[in-house]
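S.K.: Please read through the structure below; I'll follow up with questions.
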Amino acid sequence: MAFKVFTLLINGLVPVIPAWFIMNSHPETAVIKPWPIVWTLLGVNVLFILIAWKHLGYTRRQRETEALMLIINAFVPLATYNWLFPAETQFSFPVQILLYCFMQVVWIVSIEIAPDWVGRIRQRKAEERALSGKQHFESREEVLKKHQNKA
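Residue 95 in our numbering sits at position 96 of the sequence shown; the count goes up by one each step and never skips.
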């Protein structure tokens, strides 16, 4: 979980770097285009995958899934640009940067972190019900007896 929070922080703050360069090099630009942010995020995430491969998951499949999610995370600014920046709307540079960063955070929390939290909460509640005796779970013998009685 700490790794996912670290990923959230990195991906949430990386859009600031190319946006800052665009803002300083082309102050006449009205809208920050997503491609410099996408390429920066893609580069950072690929570097992250190469450096932290062993920490992405316990199994190869988990690592591959997490690596794929990091690559997909790099393309979130394209969706942000297409959905939140209509042609007639003019946002200031800080607002645009905040929108790009905010959408990165929303994407990562809703797709990667929240399902883990919800699953852990459900598992803990199920364990509490089982251990407190509020819910009866059939033993293996009881299940086998039911199946034998049906046959």
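Glycine included, C-beta positions come from ideal geometry on N, C-alpha and C.
Can the beta-carbon of Gln95 be found closer than 8 Å to that of Ala1?
M.R.: Contact: no.
S.K.: State the CB to CB distance for the pair Leu69 and Phe47, rounded to an integer number of angstroms; the pair is presumed to be in contact (CB under 8 Å).
M.R.: About 6 Å; that satisfies the 8 Å criterion.
S.K.: Label Gln61 either buried or exposed according to how many other C-beta atoms from any shown protein chain fall within 10 Å of its C-beta, with 16 as the threshold for buried.
M.R.: With fewer than 16 other Cβ atoms within 10 Å, it is exposed.
S.K.: Is it true that the CB of Phe92 sits closer than 8 Å to the CB of Ile31?
M.R.: The answer is yes: Cβ separation under 8 Å.
S.K.: State the Cα-Cα distance for the pair Val43 and Asn10, rounded to the nearest angstrom.
M.R.: So the alpha carbons of these two residues sit roughly 8 Å apart.
S.K.: Where Ala125 and Arg139 are concerned, what is the direct C-alpha to C-alpha distance, given to the nearest angstrom?
M.R.: So the alpha carbons of these two residues sit roughly 18 Å apart.
S.K.: Just the Cα atoms here: how many angstroms apart are Val45 and Ile120?
M.R.: Between Val45 and Ile120, the C-alpha separation is close to 32 Å.
S.K.: For the candidate residues Leu83, Glu127, Lys144, whose alpha-carbon lies nearest to that of Cys100?
M.R.: Nearest option by C-alpha distance: Leu83.
S.K.: Can you tell which of Phe20, Trp34, Pro14, Leu55 has its C-alpha closest to the C-alpha of Glu111?
M.R.: The shortest Cα separation from Glu111 among Phe20, Trp34, Pro14, Leu55 belongs to Leu55.
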